[in-house]
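**Student:** Before we start, here is the structure in question, set down as structure tokens.
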Amino acid sequence: MDSSSRKTIIVAVTAILLTAGVMTVFGGSSSGLGESEITITGSTTLQPIMVDFKEQYEKETVGVTLTITGGGSGGGIVAAGQGTHDIGMTSRDVRASELAQYPDMQIHVIGKDGVAIIVGSGVNTAGVTDLTRAQVEGIYNGTYTNWNQLGGPDQTIVKYTRDTASGTRDCFDSTVMLNSDISLNTLVTASNSQMKADVNNNPWSIGYVGLAFIDGTNPIDIDGVSPTAANVADDSYAIQRDLILVTGGEPSEWTAAFLEWIMQPTAQQILANKGFVPLNA
Amino acid sequence: MVVGKQEVHRVKTRIIMGRTVHDDDLIKYGLMAVASLAVIIVLGIIGFIAEGSMTAVRDIGLWNFLNGDVWRPNRELYGAYPLIVGTVLVTIGAIAFALPLGLGAAIFISELAPKRYREPLKLISEVFSGIPSVVYGFFGLVVLVPFLLNNVPGATAGQSWLAGSILLGIMALPTIISVAEDAISSVPRSYREASLAMGATRWQTTSRVVVPAAISGISAATILGIGRAMGETMAVMMVTGNAPIFPEPLTNLMSPIRTITATIAMEMKEVAYGTTHFSALFLLALVLFVIVLLVNTTSRVIMRRMREKFNPTKPPKIRSQRFMDAQEKASRIFKLVRYAVILGVIWILVELWFGADAALGSVMVVMGLMLVTRYTAARWNQRLAHGILSLVMLVVVGLLLVIITDIVSNGIPALSAEFINEFPSQGGRAGGIYPAILGTLKLVVGTIAIAVPIGVVSGIYLSEYAHDTRWTNFIRGGIDNLAGTPSVVFGLFGMAAFVIYLDFGVSLLAGWLTLACLILPVIVRTTEEAVKRVPQELKEASLALGATKWETITKVVLPAAFPGVITGTILSIGRAAGETAPIMFTAVVAYQTRLGDFSVMDPVMALPYHLYFLASEVPDAYDNQYGTALVLLIIVLSIYSAATFLRYHYSKKINW
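Going down the list, the sequences are from chains X and H.
Each residue of the first sequence is one higher than the one before, counting from 1 in our numbering.
Each residue of the second sequence is one higher than the one before, counting from 1 in our numbering.
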């Protein structure tokens, strides 16, 4: 390397570092769009809906920008509670401990979601298409290990669950695993999409996904009721949960307007299009 | 640098505040300050993680945590023992898979391949490291897991220890090949010539002279590979089944298994801040830290022994006959252990597919071969060895082809002009990925601009100025440890240090700093290795001509080490562009439909996170998902080709 090119590199690097430094010092005050930016963080389940909301809302309301980041339900609740973000998203209920920590927190239910029990192709073809909640609990706590105990062929049951951090798992635990725990040898997958792939790839498997992911799977009826949006809306399908947004206290003018907009038919239709269940269906 | 002897060379001095100061000293302390940055980062990470672990230590108790058999956070049961065992088992499996392949390929590239195929083959192995871990994960999920389910007799599910080890092994391959190849090809030619002149065959030269002489670099490669395997998060999470249980029996490769990193990544995203569970995940990270530290320390001890043994400049120590006998015995035992491990791995693998009889048979055949080759002619052994090496190279290239074909054939349908230069719509199912491409480029450029100067300076300090003192060993240890720190921990550290503590918010700047910490050790290690390998004669010639030490470093050593530095940078660009976990909480937003003015305080979209987002949360985005993976691959490959061209250009200029 000759010395002139080395100097150029040194000068360039120094310049970049300096610029970065200067922008760090002065950047804080000039960034953002002032009051018209609404910051949202939290559950990755709610993120796709929020992203669609953003697209539509920014089109309708000039001068407002929604900034959406992931970080999980817990993170969303903390962010809203501490006021670092305007809105927190959570796909599980706000826990009592969290409410105690942030007593001013406001909870806004914006819709519902059902959790469908899905099975592999072999199970479906063999005609196991309807189980009771107690039977599903028995599969997951290890009471039933073979499909022939549930009217199917002689095949080992391969069961998939979500991680304990997931809102979908939270819903499954609180509505299906009423008296026991999911056994430890259950395979754990980290997202709805992956659960769908895992169960579809394994003919003798069972798993569960949010309603939005039900296309291309083999969902089964629970206690004779199919997992459909209509059945979730009228509460006849039991495995369901609320979709929740939280604010640290009384929302600001901009945030309140956005929260109000979510309850309007346009936004509720977006929610329905995503495979979730609107509140007034 | 000569240890223990005063170096004789010209010194420049200047007067500062009435005192005569050597320029070299100024430079030395300046460099040391920069090199210590790595230690500060390590201490920062440890301090932050230890602080976060305190609640768990108090609530659960360290012993209950380490020794507990049940990990069930929703029941307040935090037994980390199965997770620790899982991490260790997956890593052992990955190295058992990657080390023979990686070392074989490295030997093939530097010793067997015709000269004009060397650069292309190196490039091929580097392409591996450009594939983001999310893509590996999906490849594992879509191809590997079903393959195992359908082909391993009696398997009920494909998610398993074996799947995790194979995938992690593939991911550790580029690191191992790249660093090992550098080490092997930089063994002085005089060694080979001396060996060949004494009548040894090429294979005898390779196996008895070249590889032992390069053992320090090979160990470094292995450590870096282990670090990669242990620290990997996204891919391992997708294929191991994540059940927190012990394999039953312990050699059951088809058992599901759960690693520490997967647990952190899965549970951290939704856990309530400040709870015992939250803290327990930090404690897990701390445990992982300690494991990596143990691995590093052990390998460093082994490495130093090896280096002493094969150091040509040092006359062999005169030892008593008893000591020599003991050493002989130890090395024989070591050899036996090595054979036992190899045979054990063969047994386990063959038994899995073909049953115990076949396993016994194949172990007998291999043992027979080992015995027979002691008595067959050297050229037959060479033919056999070279055949095996070529086969290994074929397997490596084949693996890459399978993965690339999968990405390309599935990604092509999504690719179009609109896909590249439009904003996404319909939540990512339609439209383009323009802001994600731009965001990734911004992230990579800034990260490199920060990390490369710091890393190169630290590397120079460590190899040229630092004596083998406790402090420099501490710095080295710190850097190795940084290399083994899982990316998800960097993400947490970045979130706590830059996003919250320094109040940068989720921003480009926070992402740069986090990623810079992540790639720093790779750059430092490769720079150090490269500088160290510049022949002593070259430095001495420069000093003898009257150059100062600093002039020698900038005008002679650095240019000669430039190709090695470039290799380090290439490897880290691949990592910076493909990582998801470190930027998840520090730099990215899921979705942008317009871009404001450029500011380092604003978050960006990034290709790997967009891919993760599409893959895990958006149904029916299969095409765009593979399209995004393909674009990411193309970007990384273009950076690689540019860098490879540079390296080739420079290595042609320097010849010794």
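Quick reminder that beta carbons are idealized off the backbone N, C-alpha and C, glycines included.
What does Val158 of chain X touch in chain H if you count any residue whose Cβ is under 8 Å from its own?
**Tutor:** Simply Thr156, Ala157.
**Student:** Any beta-carbon of chain H closer than 9 Å to the one on Ile117 of chain X?
**Tutor:** Closer than 9 Å: no.
**Student:** Quick one: grab the DSSP three-state call for Val90 of chain H.
**Tutor:** Correct three-state label for Val90 of chain H: helix.
**Student:** In whole angstroms, give me the CA-to-CA distance for Asp170 of chain X and Thr569 of chain H.
**Tutor:** Distance between the alpha carbons of Asp170 of chain X and Thr569 of chain H: 44 Å.
**Student:** Which of the three DSSP states, helix, strand or coil, is assigned to His22 of chain H?
**Tutor:** Of the three classes helix, strand and coil, the one that applies to His22 of chain H here is strand, per DSSP.
**Student:** Go to Val392 of chain H, then tell me how far its alpha helix (DSSP H) extends in each direction, as first and last residue.
**Tutor:** Residues 378 to 411.
**Student:** Going along chain B, which residues have a C-beta under 8 Å from Ser36 of chain X?
**Tutor:** Of the protein chains in this structure, namely X and H, none is chain B.
**Student:** Should Thr644 of chain H go down as buried or exposed, given a rule of 16 or more other Cβ atoms within 10 Å for buried?
**Tutor:** Result: buried.
**Student:** Give the C-beta separation of Ile260 of chain H and Leu83 of chain H to the nearest angstrom, bearing in mind that I take them to be a contact with Cβ-Cβ under 8 Å.
**Tutor:** Their Cβ separation, rounded to whole angstroms, is 5 Å, which keeps Ile260 of chain H and Leu83 of chain H in contact under 8 Å.
**Student:** Ile157 of chain X and Asn146 of chain X - do their beta-carbons sit closer together than 9 Å?
**Tutor:** Yes, these two residues count as a Cβ contact at 9 Å.
**Student:** Thinking just about the alpha-carbon of each residue, which of H:Val127, H:Leu250, H:Thr205, H:Ser125 is nearest to the one in Ile92 of chain H?
**Tutor:** Per the Cα distances, H:Leu250.
**Student:** Please confirm if the region 203 to 212 of chain H is in contact with the region 382 to 390 of chain H, defined as three or more CB-CB distances below 8 Å between the two stretches.
**Tutor:** Cβ pair count under 8 Å is three or more, so yes.
**Student:** Can you tell me the Cα-Cα spacing of Ile566 of chain H and Ser183 of chain X, whole angstroms?
**Tutor:** Roughly 50 Å separates the two Cα atoms.
**Student:** Ends of the alpha helix (DSSP H) at Gln194 of chain X?
**Tutor:** It spans 192 to 201 - the alpha helix (DSSP H) in which Gln194 of chain X sits, taken as one unbroken run.
**Student:** Would you please state the rounded distance, in angstroms, between the beta carbons of Asp223 of chain X and Thr129 of chain X? I believe it to be under 8 Å.
**Tutor:** Not confirmed; about 13 Å, so no contact.
**Student:** On the DSSP bridge assignment, give the partners of Ala430 of chain H in chain order.
**Tutor:** BP columns for Ala430 of chain H point to H:Ser425.
**Student:** Ignoring anything shorter than 4 residues, give me the alpha helix (DSSP H) runs that lie fully in the region 27 to 81 of chain X, in order along the chain.
**Tutor:** Listed in chain order, they are 47 to 60.
**Student:** Mind pulling the chain X residues with CB within less than 8 Å of Gly241 of chain H?
**Tutor:** Near Gly241 of chain H (Cβ distances below 8 Å), the residues of chain X are Leu187, Val188.
**Student:** Note the first and the last residue of the continuous beta strand (DSSP E) segment covering Thr161 of chain X.
**Tutor:** Taken as a continuous stretch (DSSP letters only), the beta strand (DSSP E) holding Thr161 of chain X covers 158 to 162.
**Student:** In chain order, which continuous runs of the beta strand (DSSP E) of length 3 or greater are located wholly inside the region 165 to 206 of chain H?
**Tutor:** Correct list: empty.
**Student:** Using C-beta distances below 7 Å, list every residue in its chain close to Trp254 of chain X, excluding the 5 sequence neighbours before and after it, in chain order.
**Tutor:** Glu35, Ser36, Ile38, Val64.
**Student:** Under 9 Å, Cβ to Cβ, is there at least one residue of chain H near Gln194 of chain X?
**Tutor:** Closer than 9 Å: yes.
**Student:** Identify, in the order they occur along the chain, each residue of the same chain with its Cβ nearer than 6 Å to the Cβ of His108 of chain X, setting aside the five sequence neighbours on each side.
**Tutor:** Leu245, Leu259, listed in sequence order.
**Student:** Look at the alpha carbon of Asp325 of chain H and the alpha carbon of Leu343 of chain H, and state the distance between them as a whole number of angstroms.
**Tutor:** Answer to the nearest angstrom: the Cα atoms are 27 Å apart.
**Student:** May I ask you to report which of helix, strand or coil DSSP gives Asn148 of chain X?
**Tutor:** The answer is helix: DSSP assigns Asn148 of chain X an H, G or I state.
**Student:** Which stretch, first to last residue, makes up the beta strand (DSSP E) that contains Ser572 of chain H?
**Tutor:** Element bounds for Ser572 of chain H: not the beta strand (DSSP E) but the alpha helix (DSSP H), 558 to 578.
**Student:** Provide the residue(s) that pair with His108 of chain X in DSSP beta bridges, ordered along the chain.
**Tutor:** Paired residue(s): X:Leu245.
**Student:** Would you list, in sequence order, the uninterrupted alpha helix (DSSP H) runs of no fewer than 4 residues that lie entirely inside the region 89 to 137 of chain X?
**Tutor:** As far as the region 89 to 137 of chain X is concerned, its whole alpha helix (DSSP H) runs of at least 4 residues are 96 to 101, 121 to 125.
**Student:** Could you list which residues in chain H have their beta carbon closer than 7 Å to that of Thr228 of chain X, in chain order?
**Tutor:** By Cβ distance, chain H contributes nothing, its closest Cβ being about 16 Å from Thr228 of chain X, past 7 Å.
**Student:** Closest by CA to Tyr208 of chain X, which one among X:Ala256, X:Ile117, X:Asp86?
**Tutor:** Ranking X:Ala256, X:Ile117, X:Asp86 by Cα distance to Tyr208 of chain X puts X:Ile117 first.
**Student:** By a C-beta neighbour count over all protein chains shown, 10 Å radius and 16 as the cutoff for buried, is Leu394 of chain H buried or exposed?
**Tutor:** Result: exposed.
**Student:** If you drop the 5 nearest sequence neighbours on each side, which residues of the same chain put their C-beta closer than 6 Å to that of Gly104 of chain H?
**Tutor:** The answer, listed in chain order, is Leu389, Val392.
**Student:** Whose CA, out of H:Leu630, H:Asp623, H:Phe562, lies closest to the CA of Leu646 of chain H?
**Tutor:** Ranking H:Leu630, H:Asp623, H:Phe562 by Cα distance to Leu646 of chain H puts H:Phe562 first.
**Student:** Are any of the Cβ atoms in chain H nearer than 9 Å to that of Ala233 of chain X?
**Tutor:** No - not a single Cβ of chain H is within 9 Å of the one on Ala233 of chain X.
**Student:** With 9 Å set as the bound, which would you pick, yes or no: does the beta-carbon of Gln101 of chain X sit closer than that to a beta-carbon of chain H?
**Tutor:** Yes, Gln101 of chain X counts as interfacial toward chain H.
**Student:** Does the beta carbon of Ala165 of chain X sit closer than 9 Å to a beta carbon anywhere in chain H?
**Tutor:** Cβ-Cβ to chain H under 9 Å: yes for Ala165 of chain X.
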